[in-house]
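Quick note, the sequences are listed as chains A and B, same order.
Using numbering that gives the first Met the number 0, you'd call the opening residue of the first sequence number 0 and step up by one each time.
Using numbering that gives the first Met the number 0, you'd call the opening residue of the second sequence number 0 and step up by one each time.
There are 2 protein chains.
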Amino acid sequence: MKGHLDFLLLAAIAREPRHGYAVAEAIRKSSDGAIDLAEGTVYPALYRLEGAGLLSSSWKTVGGRRRRIYRLTRRGRRRLEQERNEWTAFTNAVQAVTT
Amino acid sequence: MKGHLDFLLLAAIAREPRHGYAVAEAIRKSSDGAIDLAEGTVYPALYRLEGAGLLSSSWKTVGGRRRRIYRLTRRGRRRLEQERNEWTAFTNAVQAVTT
DNA sequence: GACTAGGCATAGTAACGCTAGGTGTCAAGT
DNA sequence: ACTTGACACCTAGCGTTACTATGCCTAGTC
């Protein structure tokens with residue numbers, strides 16, 4: 000998933016604020032199983048995105064389990080749009096080369 | 000270009016047999032500059048693809064300059080089709096997650 | 001009591017391709 | 001003559017990135 004991880008994570012959280020486990024699950028489901036991110040992929044990435052000011056987090060306890068809910072910051076939303084543009088450019092370029 | 004390099008190279012050579020320098024150039028041009036592979040990216044990759052039996056090569060000298068012309072093997076053509084399918088599945092999956 | 005699902009976290013590593021350097025030919029400019 | 005730039009190949013070493021493997025904890029179920 001090299002290079003596109005941030006895009007996926009930001010987009011999944013943009014839909015609605017989620018905790019890490021739910022982010023992975025949402026991505027797995029909406030991609031129909033094609034993209035199945037391990038937790039060891041998701042958590043460090045979320046931590047990094049928060050460190051970069053693109054996400055903010057807050058703890059919540061639900062049914063005895065603690066969850067760290069992430070939401071997009073303003074910068075995160077801007078970054079998401081940028082990622083989307085880059086994704087479009089990238090796929091267009093690959094398409095042009097390979098057809 | 001992580002993960003998609005082989006697809007690009009195979010596709011470029013599938014159009015017509017080329018030498019390394021021309022492969023990079025063809026990709027740069029057909030992507031309108033969006034994908035600009037360094038030679039240090041291209042040559043090791045071609046070497047690897049040949050080692051994997053997906054490409055075969057032959058030397059040719061043109062105007063005092065030696066060129067190593069690559070062409071797809073049968074396995075290379077099969078692999079290209081596989082790469083194409085994976086690319087489609089991948090983009091569909093990302094699209095589904097991010098829209 | 002064991003197992004599954006939910007939930008977070010991190011150390012270590014492997015994959016991958018890019019940076020930066022090298023070799024050499026030829027043509028065009030100065 | 002000399003330099004510059006395009007053409008053409010090659011490689012060692014590194015850095016980024018995400019995955020593997022593992023650990024910890026709670027709650028529910030068989």
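No residue lacks a Cβ here, since even glycine has one placed at the ideal position from N, Cα and C.
Terminal residues of the continuous alpha helix (DSSP H) containing I68 (chain B)?
-> In the second sequence, counting from the first residue as 1, residue 68 (chain B) sits at position 69. Taken as a continuous stretch (DSSP letters only), I68 (chain B) belongs to no alpha helix (DSSP H), being part of the beta strand (DSSP E) at 64 to 71.
Rounded distance between the beta-carbons of V41 (chain B) and V22 (chain B), thought under 8 Å = Your numbering for residue 22 (chain B) matches position 23 in the second sequence. Your numbering for residue 41 (chain B) matches position 42 in the second sequence. The pair is a contact, with the Cβ atoms about 6 Å apart (cut-off 8 Å).
With T98 (chain A) as the anchor, note down where its beta strand (DSSP E) starts and where it stops.
-> Here residue 98 (chain A) refers to the residue found at position 99 when the first sequence is read from its first residue. Taken as a continuous stretch (DSSP letters only), T98 (chain A) belongs to no beta strand (DSSP E), as it is neither H nor E.
Shorter than 8 Å from the beta carbon of V41 (chain A) to some beta carbon of chain B?
-> Translated into the one-based positions of the first sequence, residue 41 (chain A) becomes position 42. Not one beta carbon of chain B lies nearer than 8 Å to the beta carbon of V41 (chain A).
Between G75 (chain B) and the rest of its own chain, which residues show a CB-CB distance below 7 Å, the 5 nearest in sequence each way excluded?
-> Reading the second sequence from its first residue, position 76 is the one you call residue 75 (chain B). The beta carbon of G75 (chain B) lies closer than 7 Å to those of L9, L53, L54 in the same chain, with the five residues before and after it left out.
Chain A residues whose Cβ lies nearer than 8 Å to that of R83 (chain B) = Taking the first residue of the second sequence as position 1, residue 83 (chain B) is located at position 84. Under the 8 Å cutoff, chain A gives T97.
Might you give, ordered along the chain, the residues of its own chain that have their beta carbon closer than 8 Å to the beta carbon of M0 (chain A), omitting 5 neighbours on each side?
-> Along the first sequence, read from residue 1 onward, the residue named residue 0 (chain A) stands at position 1. Residues of the same chain with a CB within less than 8 Å of the CB of M0 (chain A), apart from the 5 flanking positions on each side, are L7, I34, L36, T40 in chain order.
Considering only residues of the same chain and omitting the five flanking positions on each side of L79 (chain A), which have a CB-CB separation below 6 Å?
-> The residue labelled residue 79 (chain A) in the question sits at position 80 within the first sequence. Listed in chain order, the non-local C-beta contacts of L79 (chain A) below 6 Å within the same chain comprise L9, A13, local neighbours out to five positions each way being set aside.
Minimum C-alpha distance to R47 (chain B) - residue among B:A11, B:L4, B:Q94 | In the second sequence, the residue the question calls residue 47 (chain B) occupies position 48. Of the candidates B:A11, B:L4, B:Q94, the one whose C-alpha sits nearest the C-alpha of R47 (chain B) is B:L4.
So what does DSSP say about S29 (chain A), is it helix, strand or coil?
-> Your numbering for residue 29 (chain A) matches position 30 in the first sequence. Correct three-state label for S29 (chain A): helix.
Can you tell me whether S29 (chain B) is buried or exposed, with buried defined as 16 or more other CB within 10 angstroms of its CB?
-> Counting from one through the second sequence, the residue named residue 29 (chain B) turns up at place 30. Buried, by the Cβ-count rule.
Pairwise C-alpha distance: S56 (chain B) and R83 (chain B) = Working through the second sequence from its first residue, we reach residue 83 (chain B) at position 84. Working through the second sequence from its first residue, we reach residue 56 (chain B) at position 57. Distance between the alpha carbons of R83 (chain B) and S56 (chain B) is about 23 Å.
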